[in-house]
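One structure is given here, and the rest of the page talks about it.
Residue numbers (UniProt numbering): 1 to 649.
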């Protein structure tokens, strides 16, 4: 995300997949062998192809000068590697240039038969939909990849997502091909063509999806997708003893043979350019120090320098360093890990008017600081705004006055005026964090940092705060055109209020915010989904097997409560008996009976220990979002029209 902060959104998103029919692979196979028999050859060839592709994109500048790039290699479960590549161009790709680079149409078989063969064998999706309802990409009657795509005469850009590429219909001189689906030959057009770059397809003869992503607002999801890591597999270890109450679950990596060989051969899995240097942020004498028993006294007396203390020293001794911001240091200086000092770069682009000073494309990124660590947080805020500080004391000096705290210095510099520091904090988070992290930060700010106008902050950043809710709804409905609504904003407020209750036991109305409407229909209601996820068949079998085991008193309790449920008469029942007489057994059976009918039964207890004895058990404070202060009137006013006296049983 440092690249996004400095250079904006990437221009191209490329996914290239290994082709097991490459000539370089087939000619190395022994007689009778297939590509899946030689994962070592596949790994070596794909690594070389990927290296050539990065050279084509960056060194040969086929799309223009490249400012920065990153890629990540992943493996499908059947073993074939593929790489996700993000490219930032020096000159941004304009909308009228998209068609010069990317095509989503079938090439002319007469003028370019080679490209036509590559595209029709490598870049056709499915077909799926009504033509092939059994395609693996189909879910709930729709293609998860949103094919077939709409046919349009001209490329349309600027919407929230990828461009709608030009795909001409047959009536508009668009070409068609015939493919076999379930032993039947059908005709398809450009609606099933995956976007590609003709040049890259000719060079590499494989599936290479090229997308223009400079208009994609959800760039954080794109970067997260590139760096999401390997597939995961979950398996359970359970005893055959049905009375065993413990199930051990282990989360495990799914490592294919090809990935194992790739790692054994020490090939790069991630690569990026330019370098991003992480810069320490800490209070005076607050850096982390590693020591042994032998050098503990020495380290305590003279702790090693950090990038921050070295930056102060360079600003004191180097006139050029005194003109820089902290994050600008890596561009002109290298960090020597052994000596713990910054050194001027000896190569790069000469800086005008500064002899022996060279610049590179390296970027700096300060570690984030939690707002609860307030002084360190304000120290970081000063480092973002003050050039050439020579010491911690210098950072706290404003117009000759040395402040007692970093917060005071921020106030004198006007950084805290009108909640501007929280505005800057949220703006910084919007660039580099996902919606859940932004929500958490917002909840922390309004509950612990007391901004003067929290509603203004909400109105400014509510789209980013609710971005994942909109994203999830689009995926669930397979409808990318859904726009943000008041219901989605309300869901965001509910999630924030839940976090505020967890962090500080405060409702939104207590911190100057608007209260969410919890009674509003909510398609994302996690509490409702939690109570509807029980396996009905398992519960019914549990009831059938255990009702006959009830003794006479237990049967009386069971029948009395179930009659109240069946007759909808309600009631308050108090079950009292000595330990070990089956109270938990009866309650569990009642819960299972109600849930086996697809009804909802809440298992609430006053303590966490008691809640763990029941299936789906929770504490009342957690489930009902009750404040720990039982005498408060806030929740009573929020939920009940008349005051209610809360009693602790």
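Glycine included, each C-beta is placed from N, C-alpha and C at the ideal position.
DSSP places residue 157 outside any alpha helix (DSSP H), giving it a letter other than H or E.
In the DSSP assignment, residue 105 falls outside any alpha helix (DSSP H), carrying neither H nor E. Counting C-beta atoms within 10 angstroms of its own C-beta, residue 288 has fewer than 16 neighbours from the protein chains shown and is therefore classed as exposed.
A buried status is given to residue 468, since no fewer than 16 other beta-carbon atoms sit within 10 Å of its beta-carbon. Contact between residue 603 and residue 614 is confirmed by a C-beta separation of about 4 Å, below the 8 Å threshold. Residue 166 places its beta carbon 8 Å or farther from that of residue 83. If you keep only unbroken beta strand (DSSP E) runs of at least 3 residues inside the UniProt domain "Helitron helicase-like" (1-87), you get 12-17, 66-75.
Restricting attention to beta strand (DSSP E) runs no shorter than 3 residues, the segment 245-320 encloses them at 248-253, 270-273, 276-279, ordered along the chain. Here DSSP, grouped into helix, strand and coil, assigns residue 466 to coil.
The residues 550, 554, 557, 558, 575, in chain order, have a CB closer than 8 Å to that of residue 586 in the same chain once the five nearest residues on each side in sequence are set aside. Residue 327 places its beta carbon 8 Å or farther from that of residue 283. Annotated three-state conformation of residue 513 is coil, per DSSP.
When DSSP reads this structure, residue 335 sits in a beta bridge with 342. In terms of Cβ geometry, residue 451 and residue 419 form a close pair [threshold 8 Å]. In the DSSP assignment, residue 118 falls within the alpha helix (DSSP H) that extends over 113-122. Inter-residue distance for residue 311 and residue 390 is about 8 Å (C-alpha atoms, whole angstroms). A distance below 8 Å separates the beta carbons of residue 49 and residue 204. The DSSP-derived three-state label of residue 185 is strand. Beyond the five residues adjoining it in sequence on each side, residue 146 comes within less than 8 Å, by CB distance, of 478, 480 in the same chain, given in chain order.
In the DSSP annotation of this structure, the continuous segment of the alpha helix (DSSP H) that includes residue 375 starts and ends at 374-385.
Counting only residues of its own chain and dropping the five nearest sequence neighbours on each side, residue 325 has a CB closer than 7 Å to the CB of 387.
In the three-state reduction of the DSSP assignment, residue 410 falls in the helix class.
It is roughly 42 Å from the alpha-carbon of residue 291 to the alpha-carbon of residue 496. Non-local beta-carbon contacts of residue 461 in its own chain, meaning distances under 6 Å to residues more than five positions away in sequence, involve 426 in chain order.
DSSP places residue 350 within a strand segment (E or B) once states are collapsed to three.
Within the DSSP bridge table, the entry for residue 209 names 15, 196 as partners.
In this structure, the beta-carbon distance from residue 5 to residue 431 falls below 8 Å. DSSP places residue 129 outside any alpha helix (DSSP H), giving it a letter other than H or E. Looking at 402, 429, 383, the one whose alpha-carbon comes closest to that of residue 415 is 383.
In the DSSP annotation of this structure, the continuous segment of the alpha helix (DSSP H) that includes residue 439 starts and ends at 435-444. In this structure, residue 605 lies near residue 617, with their beta-carbon atoms less than 8 Å apart.
According to DSSP, residue pairing for residue 503 in a beta bridge does not occur. Here residue 3 is buried. Its C-beta has 16 or more other C-beta atoms within 10 Å.
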